[in-house]
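Here is the structure we will look at, set down as structure tokens.
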Amino acid sequence: MSFGFFLVGAIIFSLYIYFTIWNIFYSSKKQREENYPSLKNLNDKIDADGMGNYEKSPDKDS
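Just add 1395 to wherever you are in the sequence shown, counting from 1, and you've got the numbering used here.
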């Protein structure tokens, strides 16, 4: 009987740990998608300093 309790407890604990880790990864992925949707496309240029484009070569788009 005590082995049965141990087995049921181990199964419940394993499921708890699995869903906790799944929730952490799922939430972080969802948060990244919502907060930074343009980072998926790596071709987008991000103007980090706010000064504009001061490259020596012009963009292909313009």
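Glycine residues also receive a C-beta, built at the ideal position from the N, C-alpha and C atoms.
Reduced DSSP category for residue i - H, G, I as helix; E, B as strand; rest coil
i: residue 1421; result: helix
i: residue 1413; result: helix
Alpha carbon of residue i to alpha carbon of residue j, nearest angstrom
i: residue 1398; j: residue 1404; result: 10 Å
i: residue 1410; j: residue 1401; result: 14 Å
i: residue 1413; j: residue 1430; result: 26 Å
i: residue 1418; j: residue 1396; result: 33 Å
i: residue 1426; j: residue 1407; result: 28 Å
i: residue 1428; j: residue 1422; result: 10 Å
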